[in-house]
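In full-length UniProt numbering, the protein residues as written are 1 to 394. The beta carbon of each residue, even a glycine, is placed where N, CA and C say it ideally should be. Worksheet: one structure, shown below.
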């Protein structure tokens, strides 16, 4: 056990050292290119990284957070501004003086390109080394594959800066760098993480902790009746299915046979498809990468008349990805509706089985609907309930 804790802490520290190393090397390039030591103040983000490391060690025992990675965000906050300064400075110097050899623009440009590529590699390798935290190994492997795909598209954005029409337009350069920065925010989000779904047993346990008095009463009933389904668990779900006769009796519990009980291991599914983690992952990718990149390519083609096979290919590629992602969202919505309908039919079938031959629920002769035509046999139910409570007092 101690070995696992030490291994987790060593992974967390190693990854943050890797992040800090890239930050320091990038800041050094800026200070060297600008000939100004004031740019070393960009390293203040390292202080935030140290505090984040200490907080994660104490609060999470080195494990990474489930939905958001603060260490990756701080790493980007340290390296991205430096790359902005390097890109803008090199472009400015290249057009101010083509023969400016003291600045060694060509070598600085090569180093910058390597720095940008290493940035993405550090993000992927760092996420791999970081302790997986609350996400599963399967989710981590999926996340790494997603990161690799995103990294390839993001790096291709810098190829646009090689176009002369773009280099001479400072506003367009700022827009491209902004979109590049915007797309990097995807690496701070764990898009493959899934919300833990409570089973019925866990949900009942939470209810018992919140309402202690009602819990004691329910436990007494469970001891007397083998197979009670309490409304604490099923009332909301049954009301959603249209069991109207329960409304006048909100505190009633109805015994059913054990074989007709709802399985406690059955997971609770969200009713709204927008709550699915896969939906959030698709929407995030559309808003942070594919959508903005498609708009950028279209602006380059139609506004700046930058028509090339490279741009046309990526316009088609981004358009196709957006169409497929939209199609996937529609499929998820259809599947969710089908699943909810199947669960609804299943609940109604279980309820019908539960009330058949039940001495505590009798049908109304005037009603033909088995779900709205049930009333409580007060005599039988009350006598059993009094007997249960009397034995409990003894």
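- Note that the C-beta distance between residue 184 and residue 80 is below 8 Å.
- Residue 186 is a Cβ neighbour of residue 288, given a cutoff of 8 Å.
- Here the alpha carbon of residue 151 sits roughly 22 Å from the alpha carbon of residue 328.
- Taking C-beta atoms as the reference points, residue 29 and residue 127 fail to come closer than 8 Å.
- Contact between the segment 51-61 and the segment 26-42 is absent: fewer than three C-beta pairs spanning the two stretches fall below 8 Å.
- Here residue 320 is not near residue 291, since their CB atoms are 8 Å or more apart.
- Here the segment 9-26 lies against the segment 71-85, with 3 or more beta-carbon pairs under 8 Å apart.
- If you draw a straight line from the Cα of residue 175 to the Cα of residue 83, it comes to about 14 Å.
- When DSSP states are grouped into helix, strand and coil, residue 310 belongs to the helix group.
- For the set 137, 189 and 88, the Cα lying nearest the Cα of residue 123 is the one of 189.
- Here residue 315 is actually not in contact with residue 332; their C-beta atoms are around 26 Å apart, not less than 8 Å.
- Taken in chain order, the unbroken stretches of alpha helix (DSSP H) that lie wholly in the segment 32-119 and span 4 residues or more are 45-59 and 70-96.
- The shortest CA-to-CA distance from residue 35 to any of 86, 7, 4 and 49 is the one to 86.
- Only buried fits residue 119, as 16 or more other CB atoms lie within 10 angstroms of its CB.
- Contact annotation, residue 163 with residue 306: C-beta distance approximately 6 Å; criterion of less than 8 Å satisfied.
- Spatial neighbours of residue 140 in its own chain (CB-CB distance under 6 Å, excluding positions within 5 residues in sequence) are listed in chain order as 132.
- For secondary structure counted as the alpha helix (DSSP H) over 4 or more consecutive residues, the segment 157-188 holds these complete runs in sequence order: 164-167 and 170-184.
- Here residue 305 carries a coil assignment [DSSP, helix/strand/coil].
- Taking the Cα of residue 159 as reference, the smallest distance to any Cα among 50, 300 and 39 is reached at 300.
- Counting along the chain, no alpha helix (DSSP H) covers residue 135, and no H or E run does either.
- Taking 8 Å as the upper bound for CB-CB distance, residue 52 and residue 130 are not in contact here, some 12 Å apart.
- Here DSSP, grouped into helix, strand and coil, assigns residue 331 to helix.
- Residue burial is scored here from C-beta neighbours: residue 116 has at least 16 other C-beta atoms within 10 angstroms and is therefore classed as buried.
- Cβ contact annotation for residue 134 (same chain, cutoff 6 Å, sequence separation greater than five): 66, in chain order.
- Rounded to whole angstroms, residue 172 and residue 156 show a C-alpha spacing of 16 Å.
- The Cβ-Cβ distance between residue 325 and residue 295 does not fall below 8 Å.
- Here residue 90 is buried. Its C-beta has 16 or more other C-beta atoms within 10 Å.
- The shortest C-alpha to C-alpha distance from residue 279 to any of 334, 149 and 14 is the one to 334.
- Around the C-beta of residue 148, fewer than 16 other C-beta atoms lie within 10 Å, and the residue is accordingly described as exposed.
- Spanning the alpha carbons of residue 146 and residue 39 requires a straight line of approximately 34 Å.
- Residues 187 and 188 of the same chain have their beta carbon placed closer than 6 Å to that of residue 72, with the five preceding and five following residues left out of the count.
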